[in-house]
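Under the working numbering, the residue at position 53 of the sequence shown is numbered 53, and the numbers go up by one with no gaps.
Here a beta-carbon is modelled for each residue, glycine too, at the ideal position from N, C-alpha and C.
Owing to the predicted nature of the structure, the values given are computational and were not obtained by experimental measurement.
Presented below is the structure to which this report refers.
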Amino acid sequence: MKRAFVYILGGICLIAVLFLFPSGQKEKTEQKSEKVRLEFYNRKREVYAVLEEIIEKFNASQDEIEVYQNMNTNADASLRISAVEGDFPDVVELGGLQSVETFEYVMGGCLRPLDNMECVERIKDEYLPYLRYNSHIYQMPLAMSFEGIYINKDLFLEEGLTIPKTYEELCQVSREIQKRGKVPFLFADKESWTVHQNWESIEGAYRGNFESFWTEVATGKTSFTEDPISRGSLEKLIELHQYTTEECSDLNYDEAMTKFASGESFMFMQGSWAYGSIMERNPQMNVELIPFPVDNGSEQLVTMWIDSSVGISKDCKYPEEAERFVEFLMQPENLQIYLDAECSLSSMEGNRDRAEYAPKVHELLREDRAVMDASWLPLQTSVIRDKDILELMPDASAKEIDAYLDKYTKSLQKYKDVYLEAKERKQ
Numbered sequence: 001m002k003r004a005f006v007y008i009l010g011g012i013c014l015i016a017v018l019f020l021f022p023s024g025q026k027e028k029t030e031q032k033s034e035k036v037r038l039e040f041y042n043r044k045r046e047v048y049a050v051l052e053e054i055i056e057k058f059n060a061s062q063d064e065i066e067v068y069q070n071m072n073t074n075a076d077a078s079l080r081i082s083a084v085e086g087d088f089p090d091v092v093e094l095g096g097l098q099s100v101e102t103f104e105y106v107m108g109g110c111l112r113p114l115d116n117m118e119c120v121e122r123i124k125d126e127y128l129p130y131l132r133y134n135s136h137i138y139q140m141p142l143a144m145s146f147e148g149i150y151i152n153k154d155l156f157l158e159e160g161l162t163i164p165k166t167y168e169e170l171c172q173v174s175r176e177i178q179k180r181g182k183v184p185f186l187f188a189d190k191e192s193w194t195v196h197q198n199w200e201s202i203e204g205a206y207r208g209n210f211e212s213f214w215t216e217v218a219t220g221k222t223s224f225t226e227d228p229i230s231r232g233s234l235e236k237l238i239e240l241h242q243y244t245t246e247e248c249s250d251l252n253y254d255e256a257m258t259k260f261a262s263g264e265s266f267m268f269m270q271g272s273w274a275y276g277s278i279m280e281r282n283p284q285m286n287v288e289l290i291p292f293p294v295d296n297g298s299e300q301l302v303t304m305w306i307d308s309s310v311g312i313s314k315d316c317k318y319p320e321e322a323e324r325f326v327e328f329l330m331q332p333e334n335l336q337i338y339l340d341a342e343c344s345l346s347s348m349e350g351n352r353d354r355a356e357y358a359p360k361v362h363e364l365l366r367e368d369r370a371v372m373d374a375s376w377l378p379l380q381t382s383v384i385r386d387k388d389i390l391e392l393m394p395d396a397s398a399k400e401i402d403a404y405l406d407k408y409t410k411s412l413q414k415y416k417d418v419y420l421e422a423k424e425r426k427q
């Protein structure tokens, strides 16, 4: 009886296996045919359309992976929350290592190293030192950026004016425009980041790379207060505010850009990333972006940064699929779509530089006077630099400038160890 029971039980198990096996195989096939979905988190609204075009091209090129783009009105804050909660997006658009947020994500272990990807081999040698952290590369660079002054060339031509080549000429032409009852400059002073970047644009035209100077400040060898470039560039920014309108204090980035594009001022201080948005507002605009003009007799420089890049989350469930997408994005023909739409400079071999609207920057590149920078400040120090500067516009006194620069100096020296450790790892 016992033997019969064993035979019966064995038969039931065999039948069960025969019935279940095809079902399990079918289930496995179905699971295999399901597409892997990857989130691509984009912080820059200016590049949404072109990234969507490349994403759609990738999705149509294969059947295994579906990438979808995600944006948020408060993009940086949302990304910080995701990092804290351990829910970092699969693929993410970031800035360069000079960005406080980007550097913190790299330093905090949010991103996976990309060293073994094929596209890394196409990064131009001169840009590699500005991408490495702890001897690894965590981002693939999409485009470079620089800052300066947008010139409405048609307005200059109408008034018979010459584009300034020195700071003295800049002030002279601004006085002449103002004398004719017109507005030389527009500033977006409602937002502190635009004010800080204007200062950075002026300082970069004299200094180029910031890292060695910041190291001297951090170690107490000098200070922002006594440094002639730091102080002088800030004083120049304040001086130029006499050539604008009172409403600038209430203008944000988009509003100031719209007014400039509609011809309400002759000049507008901003970065290369704004070009596409300006042209969207006025496709017929005849505009040129010049590096900030330096004093007569000083060497003209322009600072270059990695403007946008892509990284892959360390906790991405499908890292191989994410790498496939990034490789596709970085293929020369696809990256060129991005560069053409943004009219940007490339840091990759095999791609064509754009930014035809900035011939002087191309000239400085050829002369090795376009200087790369990926200098980073501790969060506490960058907050003082970026936020407190707003209080100095439009007409801070010498005493107020001293107080601001002194506070900036003390903060960097207070967080000296954090700064120096981070600097050491950026190689």
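Straight-line Cα distance separating residue j from residue i
i      : j      : result
Ala422 : Pro283 : 43 Å
Pro184 : Arg385 : 27 Å
Tyr167 : Pro291 : 11 Å
Phe156 : Val173 : 10 Å
Asp90  : Lys399 : 48 Å
Glu299 : Gly232 : 15 Å
Leu412 : Glu159 : 46 Å
Ile389 : Asp87  : 34 Å
Arg354 : Val361 : 11 Å
Arg352 : Glu121 : 17 Å
Met117 : Gly208 : 31 Å
Phe210 : Ser375 : 6 Å
Asp154 : Tyr357 : 14 Å
Asp76  : Val92  : 11 Å
Phe266 : Ser61  : 46 Å
Lys426 : Gly108 : 14 Å
Gln69  : Glu320 : 18 Å
Tyr415 : Ser382 : 11 Å
Asn334 : Arg37  : 21 Å
Leu364 : Phe268 : 21 Å
Ile306 : Asp373 : 8 Å
Pro141 : Gln336 : 13 Å
His196 : Gly271 : 12 Å
Val84  : Asp417 : 24 Å
Leu170 : Lys236 : 11 Å
Leu111 : Glu39  : 14 Å
Environment of residue i [buried if 16+ CB atoms lie within 10 Å]
i      : result
Gly96  : buried
Arg366 : exposed
Arg43  : buried
Leu420 : exposed
Tyr105 : buried
Trp193 : exposed
Arg175 : exposed
Arg324 : buried
Asn286 : exposed
Gln98  : buried
Tyr408 : buried
Ile81  : exposed
Lys387 : exposed
Glu342 : buried
Thr102 : buried
Ala49  : exposed
Ser230 : buried
Limits of the unbroken alpha helix (DSSP H) element including residue i
i      : result
Phe328 : Pro319 to Met330
Glu400 : Ala398 to Lys414
Where the beta strand (DSSP E) through residue i begins and ends
i      : result
Arg352 : That residue, Arg352, is in no beta strand (DSSP E); it is neither H nor E in DSSP.
Leu345 : Premise fails: Leu345 is in no beta strand (DSSP E) and is neither H nor E.
Arg37  : Val36 to Tyr41
Residue-level contact to chain C via CB, residue i, 7 Å cutoff
i      : result
Arg207 : The structure shown contains no chain C, having only a single protein chain.
Stretch-stretch touch, CB-based, cutoff 8 Å, three pairs: the stretch 185-202 with the stretch 139-148: With a cut-off of 8 Å, the stretch 139-148 and the stretch 185-202 count as touching, because enough Cβ pairs lie within range.
Entirely enclosed alpha helix (DSSP H) segments - the stretch 357-393, minimum 4 residues: If you keep only unbroken alpha helix (DSSP H) runs of at least 4 residues inside the stretch 357-393, you get 359-366 and 379-388.
The stretch 249-268 contacting the stretch 125-134, beta-carbon criterion three pairs below 8 Å: Two segments are said to touch when three or more pairs of C-beta atoms, one from each, lie closer than 8 Å; by this definition the stretch 249-268 does not touch the stretch 125-134.
Sequence ranges, beta strand (DSSP E) only - wholly within the stretch 45-79, length at least 3: The qualifying runs are 65-70.
Contact the stretch 40-60 vs the stretch 320-331: 3+ CB pairs below 8 Å: Short answer: they touch.
Contact the stretch 172-180 vs the stretch 340-354: 3+ CB pairs below 8 Å: They do not touch, by the three-pair rule.
3 or more residues per run - each beta strand (DSSP E) lying fully within the stretch 245-317: If we require 3 residues or more, the beta strand (DSSP E) runs fully inside the stretch 245-317 come out as 267-271, 287-290 and 302-312.
Entirely enclosed beta strand (DSSP E) segments - the stretch 91-166, minimum 3 residues: 91-94, 140-145 and 147-152, all fully within the stretch 91-166.
contact_flag[the stretch 215-225, the stretch 239-256] where n(CB pairs < 8 Å) is 3 or more: The count of Cβ pairs closer than 8 Å, one atom from the stretch 215-225 and one from the stretch 239-256, stays below three, leaving the stretches out of contact.
Segments of 4+ residues assigned as alpha helix (DSSP H) that fall wholly inside the stretch 206-241: The stretch 206-241 contains these whole alpha helix (DSSP H) runs: 211-218 and 228-240.
Given 8 Å, three or more beta-carbon pairs between the stretch 135-142 and the stretch 184-195: Contact between the stretch 135-142 and the stretch 184-195 is absent: fewer than three C-beta pairs spanning the two stretches fall below 8 Å.
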